[in-house]
Amino acid sequence: MTTASTAEELMRSRYSAFVRHDAAYLQKTWSRTTRPARIDFPSRIWTGLEILGTTGGTAFHTEGTVEFNAHYTTGIQHENSTFTRESGEWVYVAAL
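Numbering (this note's numbering), first residue to last: 402 to 497.
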């Protein structure tokens, strides 16, 4: 698996991991400072990801945000997520 070159790429891959219930990948791409001991998956059927905007998060930044809507069969999860680089790789920090 290749490393995400932007925060948005990481967000997209993490969404896919949530769809597949890939806890190992989510743990690997979660900041050491905020990573939970385990991941519980909501009982949702995900239907799509809509990126609403980004700040920073490129190869030239060390931090960034990605605002998105994650659609599921009965609703939408809106989030503005923060990302940072740890050991040179993008990781998810938290939702704002």
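Just so it is clear, CB atoms sit at the ideal spot from N, CA and C, and this is done for glycine as well.
The structure displayed is predicted, hence computed values, not measured ones.
Where residue i and residue j are concerned, what is the direct C-alpha to C-alpha distance, given to the nearest angstrom?
{"i": "GLY465", "j": "GLY454", "result": "11 angstroms"}
{"i": "THR475", "j": "GLU490", "result": "34 angstroms"}
{"i": "ALA471", "j": "VAL420", "result": "10 angstroms"}
Check for me: the alpha helix (DSSP H) holding residue i runs from which residue to which?
{"i": "LEU411", "result": "408-421"}
With residue i as the anchor, note down where its beta strand (DSSP E) starts and where it stops.
{"i": "ALA424", "result": "ALA424 -> not in any beta strand (DSSP E); alpha helix (DSSP H) instead, spanning 424-429."}
{"i": "ALA495", "result": "490-496"}
Closest by CA to residue i, which one among the options?
{"i": "TYR426", "options": "ALA405, ILE446, GLY457, HIS479", "result": "ALA405"}
{"i": "PRO498", "options": "ILE477, THR435, VAL467, ARG413", "result": "Since the first residue of the chain shown is 402 and the last is 497, residue 498 is not available in this structure."}
{"i": "LEU411", "options": "ALA460, TYR473, ALA438, ARG445", "result": "ALA460"}
{"i": "SER417", "options": "THR435, GLU451, THR434", "result": "GLU451"}
**Message:** List, from N- to C-terminal side, the beta strand (DSSP E) runs of 3 residues or more that fit wholly inside the segment 438-475.
**Reply:** 447-457, 464-473
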